[in-house]
Amino acid sequence: MIDATNCPQCDARVAPGNRFCGRCGYSLMAAGDAAESHESDPSVGRSSASVHARLIRIHSGGADGDIIEIGSKPKTIGRIDADICFSEDAFVSPLHASIFFDDDRLMVRDEQSANGVFKRLSGSVILKYGDVFMAGEELMRIEDRGPDLSNHDAEGTSFFGSAPNSHPYAVRQILEGGLDGLLMRPRANRLTIGRERCDLEFPYDRFISSTHCRLEFDKTGVQLTDLDSRNGTYTKVNSEAELHDGDFIFIGRQLLRVAFNVPTSD
């Protein structure tokens, strides 16, 4: 007689012969295939000489959670049938990203996911049109500020108002669902973003610092700088990016920290 087993995803008891978990729908066939492949992959489930790095899942309170070991073989990250699976995160695409070594460099690649991969900014970075960044829970995109309206009416009377700035950039808030939010057309060459005492304020965002980050504009580009914020400023990865020890990445709602210098077993 074959005993019931536990679902590897939610730990519910599953009757013998069932191909899917009755609670969460996890494919037990996929789990069996993964278990079989893990037996031949020493980077999964234990530390060994082939483990080169780890991804550490960070809980909402900031504590370390699950440890995902990365060896020499590429790993996929996604919501369905991926090597690293976040099945309960609706913001993760079925195949979202892959992580792999290119010689001695650890790389993450966005596999054309719906929501992208975000990497925590260290210092400053130059942004261009279409680049997306995140501060707290606020998602923003650099855009063309659009054409200036005519300064005269049909009778030739000039409109009175604040003089526009000469730089060509605007900052667009992106709402959940991909909808456009507010559009900020800065009047000055510098724009601070935060919870209070900033040019662009989000007072109800509990993850954003009082003064979180700064944008500086000129005719050649936009410089984004993190202002020692508590939770960091993140930029969306365009195609792929190199990861270093201590880097943080967001995939869906999953915050992951990169760790190198993994001890090997004797």
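Counting in this note's numbering, the sequence shown runs from 67 upward without gaps.
Backbone N, C-alpha and C define an ideal beta-carbon position, used for all residues, glycine too.
Is residue i buried or exposed, if buried means 16 or more other CB atoms sit within 10 Å of its CB?
i                 : result
leucine 290       : buried
asparagine 181    : buried
aspartate 149     : buried
threonine 223     : exposed
glutamate 204     : buried
glycine 202       : buried
glutamate 135     : buried
glycine 298       : buried
phenylalanine 316 : buried
isoleucine 274    : buried
arginine 120      : buried
Taking the straight line between their C-alpha atoms, what separation do you get for residue i and residue j?
i              : j                 : result
threonine 258  : threonine 301     : 16 Å
arginine 171   : aspartate 313     : 13 Å
tyrosine 195   : cysteine 151      : 32 Å
serine 305     : isoleucine 143    : 15 Å
valine 174     : valine 303        : 9 Å
isoleucine 122 : aspartate 130     : 6 Å
glycine 189    : leucine 281       : 12 Å
leucine 245    : lysine 185        : 22 Å
arginine 256   : serine 179        : 32 Å
glutamate 242  : proline 234       : 26 Å
glycine 128    : arginine 319      : 13 Å
arginine 261   : phenylalanine 268 : 5 Å
List the residues that DSSP assigns as beta-bridge partners of residue i.
i             : result
glycine 144   : Cys151
threonine 299 : Ala201
glutamine 239 : Met206
Less than 8 Å between CB atoms is the rule here; does residue i satisfy it with respect to chain B?
i             : result
glutamate 267 : Included in the structure is just one protein chain, with no chain B present.
I need the boundaries of the beta strand (DSSP E) containing residue i, first residue and last residue.
i                 : result
aspartate 219     : Premise fails: aspartate 219 is in no beta strand (DSSP E) and is neither H nor E.
tyrosine 270      : Element bounds for tyrosine 270: n/a, residue is neither H nor E.
cysteine 279      : 279 to 284
glutamate 306     : 306 to 309
serine 164        : 163 to 168
phenylalanine 184 : 183 to 186
glycine 287       : 287 to 292
Residues in the same chain with beta-carbon distance under 7 Å from residue i, minus the five sequence neighbours each way, listed in chain order, please.
i            : result
cysteine 264 : Thr258, Thr277
leucine 161  : Thr142, Gly144, Ala148, Glu177
What do you reckon, is the C-beta of residue i under 7 Å from a heavy atom of the ligand COA?
i           : result
glycine 189 : With respect to the ligand COA, the structure offers nothing, as it holds no ligand at all.
Please work out which residues of its chain come closer than 8 Å, Cβ to Cβ, to residue i, disregarding the five sequence neighbours upstream and downstream, and give them in chain order.
i              : result
isoleucine 124 : Asp130, Gly131, Phe314, Leu321, Leu322, Arg323
leucine 35     : Residue numbering for the chain in the displayed model covers 67 to 332; residue 35 lies beyond these limits and cannot be assessed.
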